[in-house]
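Encoded as structure tokens, the structure appears first; notes follow it.
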Amino acid sequence: MEIHIQKCQQCKSRNLRNILVRDEKQKVFVQCRDCDALVARYILTPGGYFHAGKGFESFLRSIERDGGLTSARNVDEQFHQAEDGTVEEFAELQQPLKEKYQGGLP
Ligand SMILES: [Zn+2]
Numbered sequence: 180m181e182i183h184i185q186k187c188q189q190c191k192s193r194n195l196r197n198i199l200v201r202d203e204k205q206k207v208f209v210q211c212r213d214c215d216a217l218v219a220r221y222i223l224t225p226g227g228y229f230h231a232g233k234g235f236e237s238f239l240r241s242i243e244r245d246g247g248l249t250s251a252r253n254v255d256e257q258f259h260q261a262e263d264g265t266v267e268e269f270a271e272l273q274q275p276l277k278e279k280y281q282g283g284l285p
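Quick note on numbering: the sequence shown equals residues 180 to 285 in this note's numbering.
Next comes the structure, spelled out in structure tokens:
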């Protein structure tokens, strides 16, 4: 596993904003708050967006917008996988992050 905490390539700032865009795809533009430079753009896979604490209704809307409603059971399963999987994966990142950034997270 590789872990990387993003920073601005122009001014090295870690003060970044995520701009979420939904048109035919779901995208995240990362912009530097200090110099306004574009840092990165992500394109999400369908169903790939998980918003912590937002619950099943929000997840359902996101699946619908991605055009991916199969069966209710399937969606329920997907939600629990996304929720448990994402929260768990994030928790598992904490130790390797501490090891990589021993003076504290940037
Ligand atoms: Zn910058």
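Backbone N, C-alpha and C define an ideal beta-carbon position, used for all residues, glycine too.
Within 9 Å, strictly: CB atoms of L195 and Q210: Q210 sits close to L195, with the two beta carbons spaced by under 9 Å.
Quick check: what's the CA-CA separation for E271 versus M180? Straight through space, the alpha carbons of M180 and E271 are spaced by roughly 11 Å.
With a threshold of 6 Å on Cβ separation, who are the neighbours of S192 within its own chain once the five nearest residues in sequence on each side are excluded? Excluding sequence neighbours, S192 sits near C211, D213.
Roughly how far, in whole angstroms, is the beta-carbon of A216 from the beta-carbon of Q189, given that I think they are within contact range, below 8 Å? That pair is a contact at about 4 Å.
Which residues mark the beginning and the end of the beta strand (DSSP E) in which F208 is found? Start and end: 205–211.
Under a criterion of Cβ closer than 7 Å to any non-hydrogen atom of ligand 1, which residues qualify, in chain order? Ordered along the chain, residues surrounding ligand 1 are C187, Q189, C190, S192, C211, D213, C214, A216 [Cβ under 7 Å from any heavy atom].
Beta-carbon spacing of D255, G226 below 9 Å: In this structure, D255 keeps its C-beta atom at 9 Å or more from the C-beta atom of G226.
Start-to-end residues for the alpha helix (DSSP H) that takes in R240: Element bounds for R240: 234–244.
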